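Input: a single structure, listed below in structure tokens.
Residue numbers (the numbering used here): 2 to 286.
Shown next as structure tokens:
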């Protein structure tokens, strides 16, 4: 079981470095994207993703590293990349970016946050840890938070558009909306995408059925009872995250929680058994 809440180093240097990626040969399509308007790309072996973003989102990730208690609930931030389609000799630099990012994700000695400095970007993206990298059959839910879906920078047209979206969905009634889901169906040995229209059709009274649907891939009978275990993990994590938020002075606009669990029954069973063995070993010591 794992969601997008990952631990990060307590002290992170903000020494600036500029990395330029030549062309798109170093990227592949990220197959598990379920939300957002911009296409996300995976880098190298898939342990790192590049997410196109605006300045507000980039600044949010950069500032988060100064608040490690909050940042531990986010994908590990590696920096922002500058994408250019010229100068083929820069492919070597692109490889170095991937290697450096991979070292950071795997807990190596690189504690430098990569910050894009060049104001003459053609394109930029944040570079973050791919939290579902090692899942075999990731079952994903994007849960949109909040009654207000726009920030102070939004113009009047966007504010009115977002107000209408909230009023016509569970965002306006309970402050939550299932944005999208991707579920593994064992009977088909394939994934099913649950689009945003599904979440918009839910009401305050039917929203529970949406959460129930998300956990359909989990076994809920002996000997494993995976569904009970994973739901409890998520609830425990949410309680811990709530404690962190209560200590912070912040306001989040149109933020999301990303939930992920392993839909491959054998992989999940093996992971839970290994975790139990590790726990028993530590307890006996």
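Virtual Cβ for every residue (Gly too), placed ideally from N, Cα, C.
If you're wondering where the values come from, they're calculated on a predicted model, not measured in any experiment.
Going by beta carbons, residue 259 and residue 141 fall inside the 8 angstroms limit.
By DSSP's assignment, residue 266 forms no beta bridge with any residue.
By the criterion of at least three beta-carbon pairs nearer than 8 angstroms, the stretch 169 to 186 is in contact with the stretch 202 to 217. Under the three-pair Cβ rule at 8 angstroms, the stretch 154 to 170 does not count as touching the stretch 188 to 195. Each residue's CA atom was taken as its position, placing residue 276 and residue 241 some 20 angstroms apart. In the three-state reduction of the DSSP assignment, residue 183 falls in the strand class, which pools E and B. Scanning 232, 255, 274, 48 for the CA closest to the CA of residue 134 turns up 48. The Cβ atoms of residue 256 and residue 173 lie no closer than 8 angstroms to each other. Taking 8 angstroms as the cut-off, the Cβ atoms of residue 263 and residue 136 count as close. Remark: C-beta atoms of residue 178 and residue 152 do not approach each other more closely than 8 angstroms. Counting C-beta atoms within 10 angstroms of its own C-beta, residue 130 has 16 or more neighbours from the protein chains shown and is therefore classed as buried. Fully enclosed alpha helix (DSSP H) runs of no fewer than 4 residues occupy 157 to 168 of the stretch 139 to 171, in order along the chain.
In the structure shown, residue 257 adopts extended strand secondary structure according to DSSP, grouped into three states.
Take the alpha-carbon of residue 238 and the one of residue 209: they are about 19 angstroms apart. Taking the Cα of residue 127 as reference, the smallest distance to any Cα among 143, 187, 74, 53 is reached at 53. Residue 252 has its alpha-carbon roughly 14 angstroms from the corresponding atom of residue 68.
Residue 233 places its beta carbon 8 angstroms or farther from that of residue 219.
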